[in-house]
Amino acid sequence: MKIFQILIAAFLLVWASQVPAQDQNLNTKLHLAVLQGNLEQVREILQSESNLNEKDQFGSTPLIIATTFGRSEIVKLLIEKGADLSIPNGQGSTPLHIAAFFCHEDIVKMLLQNGANKYIRNNDGATAFDIVIAPYKLDQETYQQLESALGPMGLKVDSNYIQTTRPKIAALLNKKASSHKMVNYQPLNRDDWKISSPSEQGLAKNLVDEIYFEASHLETLYGLLIIKNGFLIGEGYFNKGSVDQLSQRASVTKSYVSALLGIALGEGCLSDIDQKMVGFFPEIEDQLTDPRKREITIQQMLQMRAGYPWEETEDQYWNTLWTGKYINAIEDIPLTHDPGSTFQYSNLTSNWLSMIISRACNTDLKSFGEQHLFSPLQVKLGDWPQDLDGYRIGSGDIQFTARDMVKFGLLYLNEGQMEGDQIIPADWVKASTQPYSTDINSVGVKSGHLGRYFKDVGYGYQWWSASVGPHQFSYAWGHGGQLIVILRDLNMVIVTTADPFYGKEAHFNAWQHEQSIINLVGKFIYSIP
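When you line the sequence shown up against mature numbering (1 follows the signal peptide of the UniProt record, and there is no 0), it's residues -21 to -1, 1 to 508, in that order.
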């Protein structure tokens, strides 16, 4: 949870003390009266021409301020006077988000009874329910900072009360809406999939109703598909999505490259993953000035432990990623860690893995994939761009339909087999999906948490892993919200496709919507016993 939204009131206090009474307009006075908890003054101001929905310079409406400090009577008055319940603060949090976070149970009830939209997501991609259903420890530091910063202003943070009340708030927010039945997720009847229903496959229909209803509120989600016991039980397309849509699947590409590397090992192109990276790039071997680079192995590259930096940390690295010329970057980009010592996400490393497979097998990777993976799966590959040297981009941009992504997930669920054929070596499937790194604090993962639900986040061989509740799973993850989630204990695959938000300038919007999709899937997994 970002603390900036909750420190706003502290700045407001400073600001308020500097505004002479003669310079205050009615809206300024309203914000101050709410902050001070002066009900009679609020009532008096509202009898004038005051705009009760106006934000102060810190992004808070009077209703948001009243909610933050638990001023129930003022909240009630503002609602009666027509306050807009959906206006967010600067971080996208509505009064319902804030009331839930602070466990103001009476205010939560008031807001819900007056039609507050519980499906609005803040800038962290979280609904009010997502906030309170997460473990208290996830927000403990934030509560402590709040108590320190805003306690002198009258904010009370009772940790024991909050811990016991969060489940109650979650129950209030989790009541199902009757409009769920309006969302159609009946799979399209085509020859490529066996079709069934949630209940026929032992999954509660109301849980599937809920995820598709919430999915219909997401602005950038293209597709949501659910496979259970080998049957397609849910299929929905939204916004620009469709069953035949081919668009970029971003870093999901990395998991396909991992599969192709495993196949290359099975075919004998590669001997083992302890081979040194530099052996596949003889043209730059003599240029290497950092001796550590000579010791980098394919295994370390697969694990994102080669020592190269995440490109988004420096413009120099980011610009290199977009040049389309990657071989010299092996020398040009400095190591930030000793190889094998630390997880550090690196797109360039995945590009080099693609080159290694192509060079080892003496083939174009797309052709290799068509022969050994895509054709056996009966999937249609869209575009797979090449770099300026003719190698397929290993870090992203591969194109598949959502249905074909599900086939890839099902292949991994079935230990690399499809209809009795061993397409990917079973030992490779097992090795590539177990976590080798759990000390992850990058690409949106913080202390092993992603969003409000994914915890114990780890990384294997270009595959992620996590747990939600009792369920442990592997997943391929791409920018914007592309997911292939493999739940072995449930015999289930979940796929999402979304706007990939191409380009660094769209990063903030992409991350906000990406977290919304991750939280959507996380909530669904959490709800399954």
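The beta carbon of each residue, even a glycine, is placed where N, CA and C say it ideally should be.
Here the structure is a predicted model, which means the values were calculated and not measured.
{"Query": "State buried or exposed for L167, treating a residue as buried only when at least 16 other CB atoms are found within 10 Å of its CB.", "Result": "exposed"}
{"Query": "Across the stretch 57 to 75 and the stretch 111 to 131, are there enough close Cβ pairs to call them in contact, namely three or more that are closer than 8 Å?", "Result": "no"}
{"Query": "Does Q123 pass the burial test, meaning 16 or more other C-beta atoms within 10 Å, or should it be called exposed?", "Result": "exposed"}
{"Query": "Is it buried or exposed, R169, if we count other Cβ atoms within 10 angstroms and call 16 or more buried?", "Result": "exposed"}
{"Query": "So, at 7 Å on beta carbons, what are the nonlocal neighbours of Q494 in its own chain, with the 5 sequence-adjacent residues on each side left out?", "Result": "D103, G104, G430"}
{"Query": "Do you know offhand how far L360's Cα is from R284's?", "Result": "29 Å"}
{"Query": "Rounded to whole angstroms, how far is the Cβ of L56 from the Cβ of A107, which I believe are closer than 8 Å?", "Result": "No, L56 and A107 are not in contact; Cβ-Cβ is about 22 Å, not under 8 Å."}
{"Query": "Tell me, please, which residues DSSP counts as bridged to Y454.", "Result": "W443, V464"}
{"Query": "Under three-state DSSP, which class holds F48?", "Result": "coil"}
{"Query": "Should R382 be labelled buried (16 or more other beta-carbon atoms within 10 Å of its own) or exposed?", "Result": "buried"}
{"Query": "Measuring CB to CB, does L14 end up less than 7 Å from K60?", "Result": "no"}
{"Query": "Does the beta-carbon distance from A243 to C340 come in below 7 Å?", "Result": "yes"}
{"Query": "I174 bridges to which residues according to DSSP?", "Result": "L211"}
{"Query": "Mind checking which residues open and close the beta strand (DSSP E) that includes M471?", "Result": "471 to 477"}
{"Query": "Would you say Y287 and S333 are within 7 Å of each other, going by their C-beta atoms?", "Result": "no"}
{"Query": "Give the C-beta separation of T380 and D223 to the nearest angstrom, bearing in mind that I take them to be a contact with Cβ-Cβ under 8 Å.", "Result": "6 Å"}
{"Query": "From the DSSP output, which residues share a beta bridge with D400?", "Result": "M397"}
{"Query": "Taking only three categories from DSSP, how would you classify H196?", "Result": "coil"}
{"Query": "If you reduce the DSSP assignment to three classes, tell me which class R371 lands in.", "Result": "strand"}
{"Query": "Among K116, V424, S175, S234, which has the Cα closest to the Cα of A455?", "Result": "S234"}
{"Query": "L462: which of N470, D478, H83 sits nearest, CA to CA?", "Result": "D478"}
{"Query": "Classify N163 as buried or exposed, calling it buried when 16 or more other Cβ atoms lie within 10 Å of its own Cβ.", "Result": "exposed"}
{"Query": "Suppose the cutoff is 7 Å on Cβ atoms and the five residues either side in sequence are ignored; what does the same chain contact list for S230 look like?", "Result": "S374, G375, W456, G457, H458"}
{"Query": "Would you identify the three-state DSSP class for A105, choosing helix, strand or coil?", "Result": "coil"}
{"Query": "Three-state secondary structure (DSSP) at K55?", "Result": "helix"}
{"Query": "Among residues of its own chain, excluding the 5 on either side of D366, which ones have a beta-carbon nearer than 8 Å to its beta-carbon?", "Result": "G303, K304, Y305, N330, I372"}
{"Query": "Beta strand (DSSP E) containing V436: first to last residue?", "Result": "434 to 438"}
{"Query": "Consult DSSP for H492 and reduce its assignment to one of helix, strand or coil.", "Result": "helix"}
{"Query": "Once the 5 residues before and after S127 are set aside, which same chain residues still bring their CB inside 6 Å of it?", "Result": "none"}
{"Query": "What residue from Y370, Q323, T328, K386 has the CA that sits closest to S354's CA?", "Result": "K386"}
{"Query": "Return the chain-ordered list of same chain residues with a C-beta closer than 6 Å to the C-beta of W443, the five sequence neighbours on each side being excluded.", "Result": "Y454, W456"}
{"Query": "Thinking G209 and K173 are a contact (beta carbons under 8 Å), I'd like their distance in whole angstroms, please.", "Result": "6 Å"}
{"Query": "What residue does the alpha helix (DSSP H) around L390 start on, and which one ends it?", "Result": "381 to 392"}
{"Query": "For N420 and Q279, what's the separation of their Cα atoms in angstroms?", "Result": "18 Å"}
{"Query": "Going by DSSP in three states, Y415 sits in which element: helix, strand or coil?", "Result": "coil"}
{"Query": "Please list the segments of the beta strand (DSSP E) lying wholly inside the stretch 202 to 265, counting only runs of 3 or more residues, in order along the chain.", "Result": "210 to 216"}
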